[in-house]
Every structure is written in structure tokens, then in C-alpha cells.
Amino acid sequence: MDVQAERVIHLPPAKVAEYAMDWRHDHEWTQGIKQAALTTEAPAGGFGVGAQVTRTAHFLGKRIDYVLRVDAHEPPTLLDMRSVAGPFPMHVTYRFDAHQEGTLASIRIQGDASGYYRFMGPLMAPMVRGNIRKDLRDLEKQVSG
2 MDVQAERVIH LPPAKVAEYA MDWRHDHEWT QGIKQAALTT EAPAGGFGVG AQVTRTAHFL
62 GKRIDYVLRV DAHEPPTLLD MRSVAGPFPM HVTYRFDAHQ EGTLASIRIQ GDASGYYRFM
122 GPLMAPMVRG NIRKDLRDLE KQVSG
């Protein structure tokens, strides 16, 4: 699975990224996430490359706990994370690029569903794409509100 969605948000990239790259806001704009916690700080402390965030989500009626490690953190443009624990391998990339109308925000999710989720394979990409479109809509509402 490799899905991506993007949306123009009529605010500067720094404002959008500041909110979106703060794991404490994950549950406010990311579909299905009920809680997130910084479980391992970056080597330099706090949130950054090497940090790990544990997320608890609900997807297809199941609770999912997974840990994402920050592989790239370049505010206000890029946040790139890979799962190090969870039901299937996942790679999540958030981008916030300057656009003539504000910020072109994009989310890309790459993953390989296994176990229970393997049977949902053909439906996973459209469902995930729909969810990340909603994420971007909700992100815009949160940062604009």
C-alpha cells in the first residue's frame, strides 16, 4: 500500500507544521488516534530524530498500538517516521511546502498489511486515503480555528 493525499491550507507552513508536528495534537486531527505519547526522547532530548511516539488508534473496529520512530525532522517542511512496533510495517511522511495560497500539506503512508489486515488488502488503500484526506481537513480546521 502506498497512498498520499494533499490539501492547500491558507496559512504559512511554519504555523501548520508547528501544530501538526507536535505529537501532543495527534488525537485532535488524525483519524482514529485516541492517544499519543512520547515514549523515547531523541538523543538530543525532546522530539526529533530518534524519538519514538506510541500511538493508540482504532481501525476497522480493532485497537491498534504502534510505535513510530522519527527518521527525519526538518521543521517546518518534513516529518518522516517509521513503525518500530505494531501490527504491520508502516512509513508515514508529512510535508508542509510553501504554496502561493499558503501551505501545501501532504501525508503519505506506505505499509504492508499483515495478519488480520491482510484480508482487507484491496480495501485498505481507499480507506487509508479517505482517512488521510479527513486528517488534512481536520488539520486545517484546528490550525485555522
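According to our numbering, the residues represented by the sequence shown are 2 to 146, in order. Even for Gly, the Cβ is constructed at its ideal location relative to N, Cα and C.
query = Got a sec, what are the start and stop residues for the beta strand (DSSP E) Asp113 sits in?
reply = Careful: Asp113 lies outside any beta strand (DSSP E) and carries neither H nor E.
query = For Ser84, which beta-bridge partners are listed by DSSP?
reply = Leu69
request  = Return the CA-CA distance between Leu124 and Ile34, expressed in angstroms with no decimal places.
outcome  = CA-to-CA, the gap between Leu124 and Ile34 works out to about 20 Å.
query = If you draw a straight line from the alpha carbon of Met2 to that of Ile108, how long is it in whole angstroms?
reply = One C-alpha to the other measures close to 14 Å.
query = Touching or not, the segment 31 to 51 and the segment 8 to 20, by the rule of three or more beta carbon pairs under 8 Å?
reply = no
inquiry  = Taking the beta carbon of Gly112 as the centre, do at least 16 other beta carbons fall within 10 Å, making it buried, or is it exposed?
reply    = buried
query = Exposed or buried, which one is Gln53 when buried takes at least 16 other CB atoms within 10 Å?
reply = buried
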